[in-house]
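Residue numbering for the sequence shown is 12 to 155, as defined by the working numbering.
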Amino acid sequence: MKISTKGEYALRMLIDLAEHQEDGFVPLKDIAKRQSISKKYLEQIVALLNNANFLITSRGSQGGYKLLRSLDEYTIGDVLRCAEGNLLNIDCINNSDFCNKSKDCATEIIWRGLNKVINEYLDSITLKDIIDKKHELFINDYVI
12 MKISTKGEYA LRMLIDLAEH QEDGFVPLKD IAKRQSISKK YLEQIVALLN NANFLITSRG
72 SQGGYKLLRS LDEYTIGDVL RCAEGNLLNI DCINNSDFCN KSKDCATEII WRGLNKVINE
132 YLDSITLKDI IDKKHELFIN DYVI
């Protein structure tokens, strides 16, 4: 399993939108600046997220992006699968025609189990969980 920058940045973008949801539509340039990500690269990610119905888009001078659903409806698994496709890139579990030994392969059960664990774990975490945990960490982080 390898998460590319596309998956990482898609997640960072949605977390940024979650943190700024009270601001209304958030311009892409603001997200790019806060996250230190190229605006051009974020435009590619926005296209993926729009196609997956993750965002609401508004054009014009007050335009930008907002989350379409509530924070607890976005799982990290959904975001990463949107950006990356399959999370475990093993041909025998992603393409049953790949190997003629799949019926009696001793390792296939390992890969299917790992794929299940990865997906269940990432599907158990929502954007709300991340935002709540981040706020919890910052509330207890003070200096006198």
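C-beta: ideal position from N, C-alpha, C; glycine also.
| Query | Result |
| --- | --- |
| Beta-carbon proximity of Ala29 to Ile142, cut-off 8 Å | yes |
| Contact check, Val57 vs Tyr85, beta carbons under 8 Å | no |
| Through-space distance from Asp115 to Leu66, alpha-carbon basis | 44 Å |
| Completely contained beta strand (DSSP E) runs for the region 69-143, where each covers 3 or more residues | 75-78 |
| Span separating the alpha-carbon of Ser49 from that of Ala43 | 6 Å |
| Unbroken alpha helix (DSSP H) run spanning Glu54, endpoints | Lys50 to Asn62 |
| Option nearest Ile14 by Cα separation, candidates Asn97, Ile26 and Asn62 | Asn97 |
| Boundaries of the alpha helix (DSSP H) in which Asp34 is found, first to last residue | Here Asp34 belongs to no alpha helix (DSSP H), and DSSP marks it neither H nor E. |
| DSSP three-state assignment for Ile14, whether helix, strand or coil | coil |
| DSSP beta-bridge partners of Ile26 | According to DSSP, Ile26 bridges with nothing at all. |
| Span separating the alpha-carbon of Leu78 from that of Met24 | 10 Å |
| Close-in-space but distant-in-sequence residues of the same chain around Leu133 (CB under 8 Å, 5 per side omitted) | Thr86, Ile87, Gly88, Leu91 and Leu98 |
| Beta-carbon separation (whole angstroms), Ser72 vs Phe36, contact threshold 8 Å | About 11 Å; that fails the 8 Å criterion. |
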